[in-house]
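**Student:** Got a structure for you, written out below as structure tokens; questions coming shortly.
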Amino acid sequence: MKTLLFKFLSLSLLISFTTFAADPVRVLVWDEQQPKQSLGYGDKFLGETIAAHLATRPGLTVKATKIDAPDQGLPDATLDATDVLVFWSHVRQKDQNDERVEAVVKRVIEGKLSLIALHSAHWSKPFVRLMQERAKADAAAQHPSAKWEFTNDKPYGVIRPKVARITPFIEQGEGDVLKLTLPQCVFPTYRADGAPSHVTTLLPDHPIAKGLPAQWDIPQTEMYGEPFHVPTPDEIVFEERWDKGEHFRSACVWKVGKGRVFYFRPGHETFPVFKQAEPLLVIENAIRWLGTSDDGFTPLFNGKDLTGWDGDPKLWKVENGIAIGTNESPEAMANNSFLIWRGGTVKDFELRATVRVIGDNNSGIQYRSRELKDVAPWVITGYQCDIHPAIEHTGMTYEERGRGIFGLNGKDVMLDPEGALWQVSRRGTASSTSSTASPPPSSSTTTPTNARWRACSPSSSTKATPTASRSKTSASRSCPSLRSSPSSLRNCPPARRRSKNPAPAAHKARDRWCR
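Position in the sequence shown counted from 1, then plus 689, gives you the numbering used here.
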């Protein structure tokens, strides 16, 4: 190991103990309750319709409220008992109580509450205020030592034409002061004619997109046309387009302080958008993600020093919130030397980290590993998520001081009862086309001799779906589709089909695998 820099997410490495039982996500649906909602929702208001649906979903506790409730439905006790606030408003933005709005904003920034703003809530006070805070944070990050003047703090009711400068933006003020024009939180064009929109899922792996198709339509909706005057989103999950050519970033996520804000564009009050399965699923997914995404995570790195970590002090240090490992060359070290977290013992976990590799160096993050103190201090054996410049090795499974390369990036591998490795499918990655990248220097000769890297023919009508199981009793279940019927074997070339000669009982399950 030569050089490795860990740049931790939000200045920390995070781990989630997924074996803990999750508490229900507490949801509050806030609605302006416009009379015109009866055109799309009959005898129930829009917010009541959403709340009634969410109340049928497991793992959620749901309450509905309105602007005309005491404290406008947002007293401190209610907010303190809420994880996700779903907010719909249209014509009564200026009636929203500033004190109650700031109570929402404060909790989002502190990470105690998440906000989902629906459709015309782009001009709701909570959404506008949080977009202002995000714009201020973005500006301060660009100019950390600047003195600031803020303008456009009350953007309600003013639509900027297409030719106008997109807000927020920074200008030079008087003297050494910079002037930040805060976001208008609106767009130049809209049509309430009920024309259908065509939704494209831009981030299919995002939790908000779970269960949603790649393309889907909303039969009746209002059109909003870009540009949307908001800070640049961290994530854009869906895009909408209309037959007349307009388009809109219809599902945007921002981190504001320690909390998150999600804006979902569809939902005009006169069209029954929230009686449709897809928009309701978007809201449910967003609630589950926003309400649980940070729960159970424990920071492992404080961004200041290596408290809680153990490693060779000659190799490891902290600079500018980053843990850095360096040495002169691989030849200068007798063994790979690891930085070990000593903060506890985990069961099932989720690990989040951002890493950076300098040059052609090779390293990785060990998991399910153990120390070899009899070899040397800080020497580890076990599984490693490889960190490497070559795409086929980046994120691959490697067993340090063991079987070496276990599964390359883009290839699904299973382990049979005899301990042999089998490639059961390959997905489209650079690993299938790259011819220049080489294996990691420390593992180029460690591929096990009994590994048999053969797979089913690409023309096979079945695909393998391997799991992480490695026990003899579950190995055959790692490839259910390949052992489902004799037809699976017939789809494989004869050279890749295991002989059907009698075999010991322990091998009968393997006899049905496509080899």
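Glycine included, C-beta positions come from ideal geometry on N, C-alpha and C.
In angstroms with no decimal places, state the Cα-to-Cα distance between Phe-990 and Ala-1012.
**Tutor:** If you take the alpha carbons of Phe-990 and Ala-1012, they lie about 9 angstroms apart.
**Student:** Can you list, in chain order, the residues of its chain with a C-beta nearer than 6 angstroms to that of Arg-1090? Leave out the 5 residues immediately preceding and following it.
**Tutor:** If we look at Arg-1090 and ignore the five residues flanking it on each side, its Cβ neighbours are Thr-1070.
**Student:** What did DSSP end up calling Met-1085 once you bin it into helix, strand or coil?
**Tutor:** Three-state DSSP puts Met-1085 in coil, outside helix and strand.
**Student:** Pull up the distance between the alpha-carbon of Ser-886 and that of Arg-977, whole angstroms please.
**Tutor:** The alpha-carbon atoms of Ser-886 and Arg-977 are separated by roughly 25 angstroms.
**Student:** Taking only three categories from DSSP, how would you classify Ile-848?
**Tutor:** It is coil, neither helix nor strand.
**Student:** Shortest alpha-carbon distance to Ala-898 belongs to which of Ala-835, Lys-843, Leu-970, Pro-961?
**Tutor:** The candidate whose alpha carbon is nearest that of Ala-898 is Leu-970.
**Student:** Is the beta carbon of Phe-1027 closer than 8 angstroms to that of Gly-1000?
**Tutor:** Against a cut-off of 8 angstroms, the Cβ pair of Phe-1027 and Gly-1000 comes out as a contact.
**Student:** Identify the residues that DSSP records as bridge partners of His-936: which are they?
**Tutor:** Arg-930, per the DSSP bridge assignment.
**Student:** Between Pro-896 and Pro-713, what straight-line distance do the alpha-carbon atoms span, to the nearest angstrom?
**Tutor:** For Pro-896 and Pro-713, the distance between alpha carbons rounds to 17 angstroms.
**Student:** If I follow the unbroken alpha helix (DSSP H) through Ser-727, where does it start and stop?
**Tutor:** It spans 727-730 - the alpha helix (DSSP H) in which Ser-727 sits, taken as one unbroken run.
**Student:** On the CB-based measure, 16 or more other CB atoms within 10 Å of its CB, does Ala-966 come out buried or exposed?
**Tutor:** Exposed is the call here.
**Student:** Should Leu-728 go down as buried or exposed, given a rule of 16 or more other Cβ atoms within 10 Å for buried?
**Tutor:** By the 10 Å Cβ count, Leu-728 comes out exposed.
**Student:** Gly-800 and Gly-946: beta carbons closer than 8 angstroms?
**Tutor:** Their beta carbons are under 8 angstroms apart, which means Gly-800 touches Gly-946 by this criterion.
**Student:** In whole angstroms, what separates the C-alpha of Glu-737 from that of Trp-943?
**Tutor:** Distance between the alpha carbons of Glu-737 and Trp-943 is about 26 angstroms.
**Student:** Over what stretch of residues does the beta strand (DSSP E) that includes Lys-752 continue unbroken?
**Tutor:** Residues 749-755.
**Student:** What residue from Ile-859, Phe-876, Val-875 has the CA that sits closest to Leu-869's CA?
**Tutor:** Among Ile-859, Phe-876, Val-875, the Cα nearest to that of Leu-869 is on Ile-859.
**Student:** Does any residue of chain C bring its CB to less than 8 angstroms from the CB of Pro-833?
**Tutor:** Of the protein chains in the structure, only one exists, and it is not chain C.
**Student:** Between the Cα of Val-797 and those of Pro-747, Leu-819, Gln-873, spot the shortest distance and give me the residue it belongs to.
**Tutor:** Here the closest residue by C-alpha is Leu-819.
**Student:** The alpha helix (DSSP H) with Ala-1206 in it runs from where to where?
**Tutor:** Only positions 690 to 1204 of the chain appear in this structure, which leaves residue 1206 out of reach.
**Student:** Tell me the residue span of the beta strand (DSSP E) that contains Leu-1228.
**Tutor:** For residue 1228 there is no data in the structure shown, the boundaries of the chain being 690 and 1204.
**Student:** Just reading off the alpha helix (DSSP H) that Phe-1095 is part of, what are its end residues?
**Tutor:** Element bounds for Phe-1095: not the alpha helix (DSSP H) but the beta strand (DSSP E), 1093-1096.
**Student:** Under 8 angstroms between the Cβ atoms of Thr-812 and Glu-721?
**Tutor:** In the sequence as presented, Thr is not what sits at residue 812; that position holds Trp. In this structure, Glu-721 does not lie closer than 8 angstroms to Trp-812 by Cβ.
**Student:** Run through DSSP, which three-state label would Ser-809 get?
**Tutor:** Three-state result, Ser-809: helix.
**Student:** Please determine if the region 904-916 and the region 745-762 are in contact, where contact requires at least 3 C-beta pairs separated by less than 8 angstroms.
**Tutor:** No: the two stretches stay apart, fewer than three of their Cβ pairs being nearer than 8 angstroms.
**Student:** Work out the CA separation of Val-1068 and Val-1007 for me, nearest whole Å.
**Tutor:** Taking the straight line joining both Cα atoms gives about 21 angstroms.
**Student:** By DSSP, does Pro-920 sit in helix, in strand, or in coil?
**Tutor:** Three-state result, Pro-920: coil.
**Student:** Using only the alpha-carbon positions, how far apart do Pro-902 and Thr-890 sit?
**Tutor:** Looking at the two C-alpha atoms, the distance is approximately 7 angstroms.
**Student:** Taking 8 angstroms as the cut-off, decide whether the C-beta atoms of Ala-1042 and Ile-805 are in contact.
**Tutor:** No; because the gap between Cβ atoms is not below 8 angstroms, this pair is not in contact.
**Student:** Would you say Phe-917 and Leu-871 are within 8 angstroms of each other, going by their C-beta atoms?
**Tutor:** Taking 8 angstroms as the Cβ cut-off, Phe-917 and Leu-871 do not qualify as a contacting pair.
**Student:** Would His-742 pass as a contact of Gly-956 if the rule is Cβ separation under 8 angstroms?
**Tutor:** No.
**Student:** Of the residues Gly-846, Asp-894, Pro-920, Val-875, which one's Cα is nearest the Cα of Pro-857?
**Tutor:** Checked all of Gly-846, Asp-894, Pro-920, Val-875; the closest Cα to Pro-857 is Pro-920.
**Student:** Taking Cβ positions, are Asp-772 and Leu-802 nearer each other than 8 angstroms?
**Tutor:** Yes, these two residues count as a Cβ contact at 8 angstroms.
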